[in-house]
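To start, the structure under review is shown below, and the notes come after it.
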Amino acid sequence: MAYPKVLVPTYRIALIDDHEIVARGFAALFSTIPEIQVVATVATVTELLESTAQTSHPVDLVILDLRLSDDSAVGDNVDRLRAAGSAVLAFTAGDDALLMRTAARSGVLGVVRKSEPTAVLLDAVIRAASGEPIPSTEWAAALDGDPELNDAGLSPREREVLSLYAAGAKAPLVAARTGLAEATVIDYIRRVRSKYQRVGRPANTKIDLYKRALEDGILPVPGQS
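Per the UniProt record's numbering, the very first residue in the sequence shown carries number 1; after that it's consecutive.
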């Protein structure tokens, strides 16, 4: 009896790193992963955008070295890549908290150190390619010292609702756990989004809310005791 073939989703990823040995090792590492297609390993954001300008599908995920030799600004690099339709995962030696804070504020999905074991990098890239945030202790530590993370002024009840909703619970489940009406939960989420927007920390999507909850200590960073 023939069984239908299970299709594995394929994600198009690119690496921006100006060290040739890193680029070669990266391409070799992912060459045997069926769900990953490495479409480019380049030295600058401009080079990637020019090489993919005529393609019909955007790069799903760009792994971006935060310190490039062309002196480009991290925030500008992330903004350009996201404007082109790509999610961004920061790839760094982890020796500059300011660069990591800038990347986090610009909307990267997470920060991965170059010294991480291969298994950690593989897992982070596959999860980030599917749009999942990749929190880490380095990311949390950088954000913890960020003077530009303005307090949104959430009430205790708003923080409670956000902690459940951002962790993955849908509005009916949040309502059941908090004893609130579902309409009230939805109103709380609307107010939380509005408060973050007012202090310059947009939370338009559920992933954004998850990031804000991590930044403000409302949710713990996975793997951090």
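We treat Cβ as the ideally placed atom computed from N, Cα and C, and that holds for glycine. This structure is a prediction, so every number in the text was calculated from the model and none was measured.
Can you tell me which of the options puts its alpha carbon nearest to the alpha carbon of residue i?
| i | options | result |
| --- | --- | --- |
| residue 117 | 212, 17, 210 and 26 | 26 |
| residue 152 | 12, 21, 120 and 200 | 200 |
| residue 34 | 128, 171, 11 and 71 | 11 |
| residue 15 | 21, 64, 56 and 214 | 64 |
| residue 208 | 187, 185, 104 and 170 | 104 |
| residue 211 | 101, 184 and 183 | 101 |
| residue 20 | 126, 69 and 185 | 69 |
| residue 119 | 185, 96, 213 and 29 | 29 |
| residue 76 | 41, 186 and 106 | 106 |
| residue 197 | 150, 168 and 47 | 150 |
| residue 133 | 39, 89 and 220 | 89 |
Buried or exposed, going by whether 16 or more other CB atoms sit within 10 Å of the CB of residue i?
| i | result |
| --- | --- |
| residue 45 | buried |
| residue 110 | buried |
| residue 32 | exposed |
| residue 52 | buried |
| residue 172 | exposed |
| residue 215 | buried |
| residue 55 | exposed |
| residue 135 | buried |
| residue 98 | exposed |
| residue 213 | buried |
| residue 175 | buried |
Throw me the rounded Cβ distance for the residue i and residue j pair, which I believe falls under 8 angstroms.
| i | j | result |
| --- | --- | --- |
| residue 112 | residue 91 | 6 angstroms |
| residue 192 | residue 154 | 6 angstroms |
| residue 166 | residue 206 | 7 angstroms |
| residue 71 | residue 43 | About 12 angstroms; that fails the 8 angstroms criterion. |
| residue 49 | residue 80 | 7 angstroms |
| residue 218 | residue 159 | 5 angstroms |
Return the chain-ordered list of same chain residues with a C-beta closer than 6 angstroms to the C-beta of residue i, the five sequence neighbours on each side being excluded.
| i | result |
| --- | --- |
| residue 156 | none |
Quick one: what's got a C-beta closer than 7 angstroms to residue i's C-beta in the same chain, skipping five residues either side?
| i | result |
| --- | --- |
| residue 87 | 60, 61, 109, 128 and 131 |
| residue 189 | 161 and 165 |
| residue 121 | 112 |
| residue 181 | 175 |
Can you give me the Cβ contacts of residue i inside the same chain, cut-off strictly under 8 angstroms, excluding the 5 residues immediately before and after it?
| i | result |
| --- | --- |
| residue 114 | 22, 91, 92, 93 and 94 |
| residue 84 | 49, 52, 58 and 59 |
| residue 36 | 10, 11, 13, 30, 125, 126 and 129 |
| residue 96 | 66 and 67 |
| residue 184 | 175 |
Per DSSP, what kind of secondary structure is residue i in: helix, strand or coil?
| i | result |
| --- | --- |
| residue 102 | helix |
| residue 201 | coil |
| residue 113 | strand |
| residue 79 | helix |
| residue 184 | helix |
| residue 59 | coil |
| residue 90 | strand |
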